[in-house]
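Notes follow the structure.
Residue numbers (the working numbering): 3 to 189.
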């Protein structure tokens, strides 16, 4: 496990209007990082009309916090230190929280949530045992957001065996993607 260097995104203002705000749909159209553009384009297809209009605020947060999803609002730290100096990954991470958190919190007893818990538990057990303390192992919500926005975490998940007895997949990441698509189809 390697730690990414972080830098302030000198071009963070490109995402926001002069008041330091933007909407989810607007910001997804402004992501140009080739590694993340495909994800941004895919997310646009699944956003509800209500989610498209959620305001994202550029604001001062705790220096160690890059972004925050809270109460159906997204906040991005205007002075945050971002991987490779690009805030796009953090923005996408918070948008994924927006898209999945309500379903997850309202369906804690559902089969899909239980499957996510199994996936999370397996990843947690194997990656922590291998001394790979990814932020995506903090909880199920972070597990989902990081599994889409953190390429190092995705790589590690794709190297883990899938869980037996659920459905046949080549690896844990493929199984994970199938579960997320299940959430999106239910929204």
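C-beta: ideal position from N, C-alpha, C; glycine also. These figures come from a predicted structure and were not determined experimentally.
Would you say residue 143 faces chain C, with C-beta separation under 8 angstroms as the test? The structure shown contains no chain C; it is built from a single protein chain.
Assigned exposure category for residue 73 - 16 Cβ within 10 Å defines buried: Taking the first residue of the chain shown as 1, we reach residue 73 at position 71. The residue in question, residue 73, is exposed, as its Cβ has fewer than 16 Cβ neighbours within 10 Å.
From residue 120 to residue 110, what distance separates their C-alpha atoms? Position 118 of the chain shown, counting from 1, holds the residue named residue 120. Position 108 of the chain shown, counting from 1, holds the residue named residue 110. Looking at the two C-alpha atoms, the distance is approximately 13 angstroms.
According to DSSP, is residue 46 helix, strand or coil? Position 44 of the chain shown, counting from 1, holds the residue named residue 46. Helix, per DSSP.
Rounded straight-line distance, which links the Cα of residue 100 to that of residue 141: Walking along the chain shown from the start, residue 141 turns up at place 139. Walking along the chain shown from the start, residue 100 turns up at place 98. Distance between the alpha carbons of residue 141 and residue 100: 16 angstroms.
For residue 20 and residue 60, I'd like the C-alpha separation in whole angstroms. Taking the chain shown and counting its residues from 1, the one referred to as residue 20 is at position 18. Taking the chain shown and counting its residues from 1, the one referred to as residue 60 is at position 58. For residue 20 and residue 60, the distance between alpha carbons rounds to 10 angstroms.
For the region 9-48, list the alpha helix (DSSP H) runs that are entirely contained and at least 4 residues long, ordered along the chain. 26-32, 36-48
Going by DSSP, what residues sit across from residue 2 in a beta bridge? An answer regarding residue 2 cannot be provided, because it is not within the stretch 3 to 189 covered by the chain.
Give the range of the alpha helix (DSSP H) segment to which residue 84 is assigned. By one-based count along the chain shown, residue 84 stands at place 82. It is not in any alpha helix (DSSP H) - residue 84 instead sits in the beta strand (DSSP E) that spans 83-85.
Can you round the beta-carbon distance between residue 40 and residue 150 to whole angstroms, since I take them to be within the 8 angstroms contact cut? As a first step, residue 40 is located in the chain shown; it is residue number 38 there, counting from the start. As a first step, residue 150 is located in the chain shown; it is residue number 148 there, counting from the start. At roughly 11 angstroms, the Cβ-Cβ gap does not stay under 8 angstroms, so residue 40 and residue 150 are not in contact.
Could you check what DSSP says for residue 165 in three-state terms: helix, strand or coil? Within the chain shown, residue 165 is the residue found at index 163, counting from 1. Residue state, collapsed to three classes: coil.
Run the CB neighbour count on residue 164, radius 10 Å, all protein chains shown included, and call it buried at 16 or more, exposed below. Residue mapping note: residue 164 aligns to position 162 of the chain shown, counting from 1. Residue 164 is buried by the Cβ-count criterion.
For the region 126-146 against the region 12-28, are there 3 or more C-beta pairs whose distance is under 8 angstroms? no
Kindly list the residues whose CB is nearer than 8 angstroms to the CB of residue 67, restricted to its own chain and excluding five residues on each side of it in sequence; keep chain order. Your numbering for residue 67 matches position 65 in the chain shown. The answer, listed in chain order, is 79, 82.
Can you give the Cα-Cα distance for residue 180 and residue 11, rounded to whole angstroms? Looking up residue 180 in the chain shown gives position 178. Looking up residue 11 in the chain shown gives position 9. Cα-Cα distance, rounded: 33 angstroms.
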